[in-house]
Amino acid sequence: MTTASNNNSGYMVVSGARENNLKGLTVRIPLGRVTVVTGVSGSGKSSIVFDTIAVESQRQLNEVFPWFVRNRLPRYERPKFDFIENLTPAIIVDQKPVGGGSRSTVGTMTEVHPILRVLFSRYGEPSAGFSHMYSFNDPQGMCPACEGLGSTLQLDVGKLLDEDKSLNEGAIRHPAFAPGTNYWKRYAEVSRYDPKQDVDEYGERLFDADKPIGEYTDKELDLLLYGSGFQTKRPDDLGKVAINDYEGLVDRFTRRYVKPGLESLKDRDRKHVEKVVSERTCPECEGARLNRAALDSRIRGRNIADYCAMEIGDLIEELCRVEGPAASAVVPSALAALRRIEAVGLGYLTLDRPTRTLSGGEGQRLKTVRHLGSSLTGVTYIFDEPSVGLHARDVDRLNQLLIALRDKGNTVLIVEHDRDVIAIADHVVDIGPGSGVHGGAIVFEGTIGQLKRSDTRTGRHYREPPDVKAAFRSPTGALTVRKATLHNLKDVTVDIPTGVLTAITGVAGSGKSTLISRVFAAEHPEAIILDQSAVGISPRSTPATYTGIWDPVRKLFAQEHGVDAGLFSFNSKGACPECQGRGTVTMDLAFMDPVTTVCEVCEGRRYRDEVLGYKLDGKNVVEVLDLTVEEALDYFTDRAICRRLVPLQEVGLGYLTLGRPLSMLSGGERQRIKLAHRLHERGSVYVFDEPTTGLHMADVRNLLGLLDRLVDDGNTVVVIEHDLDVVKHADWVIDIGPDAGEHGGEIVFAGTPEEMARSADTHTAEYLRRSLPAKSRLSDA
């Protein structure tokens, strides 16, 4: 790192950045200010902010620790750049879901629960002891029956067994116990083992594997399900005798799949287990998670579980009534944290709410609000689209948090597409002009006023917000949801019009996803649901593999030359032996930073040399993977392949190469590739959950064109969305509210966007009116 020059003393300067598609750019970030980095999806925003600035800050920060500590920290390669000046420590608030296991709650995530534990240990009557005695994550505080989970899983034997089938016919409804599996053999092929008898003589089988389970005697069924205390013998895979302690089916299944909890299982296992178990509130603690000593300890008649079950707004009022010397030392800390949560519109949450149930917007705000209690200054806070999942009203609250971080003496660096977040910037950096190879350069730097006057795509879309469209399609019918009561829904009955584009709106936590993604989807299973689930980002996954075209392409190569299709997979026989098909080699240099280099054997091509001699219509497999989507549509004549590639072009990803690793795509690109992957499915009802996530304003307009084509082809399209550009373009709007949590769950408006802008009295209507262009035909709304 060079010494900062006088001209750069107030700036963080990155020179010669070349990560991913960056074209050796140099950027200046003013210190102590809010800088927003904009640009179309895939232009290179994340490459400069996260892959360069954030990574280099973390890498250099790790260098201050001793080697022993550094060896246990995440290790980062030096990004591709010439030098950086005035780099500050970075705190990253990304878009990753809050997640957490069954033991992670709003109270533990925000660290309010530990404060309440201290309060009860000092002030509760009678005291259960030290603060850890009030923790459901500590063996001394947790309920012994549910081990602090608040619920218990119970195996439903009736669902696990098909009594009309025999063991040989697959009577046990779980793939791990399917005929031929190891677990199945422990019941279908065993006989009792007596050490006094010849081990090679199997004798009578313990169970008749051809007899339907429903015909078992009570004694036989009890032995199958609960037997224990003896040994069995059976032939193993090598023809020898395997001797095991017998374990009844219920005990084995419970030990293997129920005791660990659903959260600990792999997705595939969890789906199968969920079919045969039921989750019930723990009868001993009634869901409170704690043991009796902790629950008997009370303040003003309430125990700590009662506090955690209260909405945060109500809990603030309750804590204000707690008095006494012990309380005065603890309560202010809890109130400060709770008021910060309430300030960002999350006062409806409860501290016992599992974090895995939070919406994306709720999780994003909680991650942000955690940093407001910090006394750190001179830090760079880096945010990855913090407006994702937020209603326009909540974006206002988010902006106040971002400004507060700046005013404490920090630098705030934001990757963002939302107009309202861009509006608070002290400085804007626009990356472009296009995506992928067409991006990677700075097309604008300056103030908001200068951005409005600029001729970049961001500048044009920023100063020209769309108006509500003039004409609306007429519904062809309706799909009705009746008396929905899931979560916070209050006996909701609503008609979803068919043959049109419907926007489902409302503040975060109002009940939108519950109504549509849960209730509507369950009642109309024919609907194709495109949710917010993440796209797999394995370095070996590419647009070609993700969209499913690569298997037929490999078969075409194989048929052309009469060889094994596995030769044309860099995950199989055709892979370069040096890099195992990765194209790069990462060298672990002990205590030093790792270094990744292009594989010298295959020169980054991923394949063995002999594979490259096989060609299909003049191109080898590497050259095919180097084709862009647009080029591939001209190259391939196979209709099935082209049918899966066309959606990629329709969502604006025609510039992507077929072999680009998904791990190198931006968030907006991943969102669109997932959308394109599902569009080839044939359906008549499509449900999109916030499809504009990660999309630039220009990309949103392209998306709306795609949704219009779906509707014009006779489909019904339902979009759960906060983006007001989408709301203005809809034919029908259903607004849920009036607020969030217990204060939501009702239909507060249903009608056209024009009717909403003119007369509705909801949060969405208010911000819809604010977003209209100055010369709107509804300017008198």
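In terms of full-length UniProt numbering, the sequence shown opens at residue 1 and continues consecutively. We put the CB at the ideal spot given by N, CA and C, even for glycine. Nothing here was measured: the structure is a model prediction, and the numbers come from that model.
- Message: Quick check: the Cα distance between P235 and K555, rounded to an integer number of angstroms?
- Response: Distance between P235 and K555, taken at the CA atoms: about 40 angstroms.
- Any chance you could list the alpha helix (DSSP H) runs of at least 4 consecutive residues sitting entirely within the region 17-86, in chain order? Counting whole runs of 4 or more residues, the region 17-86 contains the alpha helix (DSSP H) stretches 45-48, 55-62 and 67-70.
- Item | Coil, strand or helix - E125 by DSSP | Here E125 sits in strand by DSSP.
- Query: In chain order, what residues of the same chain have a beta carbon less than 6 angstroms from the beta carbon of P74, not counting five sequence neighbours either side?
  - Reply: Nothing listed; no residue qualifies.
- Contact between the region 465-478 and the region 730-739 (3+ Cβ pairs under 8 angstroms): Taking a contact to require three or more Cβ pairs closer than 8 angstroms, the region 465-478 and the region 730-739 qualify as touching.
- Three-state class that DSSP yields for Y134 in the structure shown: Secondary structure of Y134 (DSSP, three-state): helix.
- Task: Compare the Cα-Cα distances from F383 to each of V687, G373 and T368 and report the closest residue.
- Result: Put simply, of V687, G373 and T368 the residue whose alpha carbon is nearest the alpha carbon of F383 is T368.
- Query: In three-state terms, what does DSSP make of T254?
  - Reply: If DSSP states are grouped into helix, strand and coil, T254 belongs with the helices.
- Task: From the DSSP output, in three-state form, read off A478 for me.
- Result: Strand.
- L772 classed as buried or exposed, judged by whether at least 16 other C-beta atoms fall within 10 angstroms: Flag for L772 reads buried.
- Message: Could you compute how far the alpha carbon of R292 sits from the alpha carbon of I549?
- Response: Roughly 58 angstroms separates the two Cα atoms.
- Item | Inside the region 650-722 only - alpha helix (DSSP H) runs reaching at least 4 residues | Listed in chain order, they are 667-679 and 697-712.
- Query: Under a Cβ-count criterion, where at least 16 other Cβ atoms within 10 Å of its own Cβ denotes burial, should L116 be classed as buried or exposed?
  - Reply: Counting the other CB atoms within 10 Å of its CB gives L116 a total of 16 or more, which places it among the buried residues.
- For F472, name the three-state secondary structure that DSSP assigns. Correct three-state label for F472: coil.
- Note down, in chain order, each residue of its chain lying with its Cβ closer than 8 angstroms to the Cβ of G324, except the 5 sequence neighbours on either side. So the qualifying residues of the chain are Y123.
- Can V27 and V415 be called in contact, C-beta distance under 7 angstroms? Their beta carbons are not under 7 angstroms apart, which means V27 does not touch V415 by this criterion.
- Item | Endpoints, beta strand (DSSP E) assigned at K233 | Start and end: Q231 to P235.
- Report yes if the CB atom of E274 is closer than 7 angstroms to the CB atom of A503, and no otherwise. The answer is no: Cβ separation not under 7 angstroms.
- Item | Boundaries of the alpha helix (DSSP H) in which Y183 is found, first to last residue | Unbroken alpha helix (DSSP H) run through Y183: N182 to A188.
- Item | As assigned by DSSP and simplified to three states, the class of Q532 | Residue state for Q532 is assigned as coil, using DSSP reduced to three classes.
- Query: Under the DSSP definition of a beta bridge, which residues are partnered with P354?
  - Reply: DSSP lists T105 as partners of P354.
- When the Cα atoms are used, what is the spatial distance from T88 to R370? Approximately 20 angstroms, taken between the alpha carbons.
- Query: How about D689 and D467: are their beta carbons less than 7 angstroms apart?
  - Reply: Not closer than 7 angstroms, so no.
- Report buried or exposed for M1, applying the criterion of at least 16 other Cβ atoms within 10 angstroms of its Cβ. Legend: pLDDT at M1 = 40, less than 50; position of this residue unreliable, no value from coordinates given.
- Task: Could you pull out every residue in the same chain whose Cβ sits closer than 8 angstroms to the Cβ of E742, ignoring the five residues on either side in sequence?
- Result: Sequence-distant partners of E742 (beyond 5 residues in either direction) whose C-beta falls short of 8 angstroms from its own C-beta, in its chain, are E311, Y348 and N488.
- Of the choices N410, V651, H561 and S572, whose alpha-carbon is the least far from that of Y11? Selected option, being the one with the closest Cα: N410.
- Message: Is the beta carbon of T657 closer than 7 angstroms to that of V685?
- Response: Not closer than 7 angstroms, so no.
- Message: Within the continuous beta strand (DSSP E) that includes I504, where are the two ends?
- Response: Following the DSSP letters along the chain, one finds I504 inside the beta strand (DSSP E) bounded by residues L501 to T505.
- Item | Nearest-angstrom Cα separation, counted from L704 out to S517 | Computed Cα separation, rounded: 20 angstroms.
- From L648 to V700, what distance separates their C-alpha atoms? In a straight line, the C-alpha of L648 is about 15 angstroms away from that of V700.
- At what residue ranges does the region 320-347 contain a whole run of the alpha helix (DSSP H), taking only runs of 4 or more? Given a length threshold of 4 residues, each whole run of the alpha helix (DSSP H) inside the region 320-347 is given here in chain order: 325-343.
- Query: Nearest to V507 by alpha carbon, out of G24, A765 and V277?
  - Reply: Nearest C-alpha to V507 among G24, A765 and V277: A765.
- Query: Under 7 angstroms between the Cβ atoms of T254 and N244?
  - Reply: Taking a C-beta distance under 7 angstroms as the contact criterion, T254 and N244 do not qualify as a contact pair.
- Classification of V437 by the beta-carbon crowding that lies within 10 angstroms, buried from 16 upward: Answer is exposed; the Cβ neighbour count stays below 16.
- Message: Within 10 Å of its beta-carbon, does G723 have 16 or more other beta-carbons around it, so buried, or fewer, so exposed?
- Response: Checking the displayed sequence, the identity of residue 723 turns out to be Asp instead of Gly. That one is buried.
- Message: Let's see if you can read the secondary structure: which residues bound the alpha helix (DSSP H) around E754?
- Response: Looking at the DSSP string, the run of the alpha helix (DSSP H) that includes E754 is P753 to S759.
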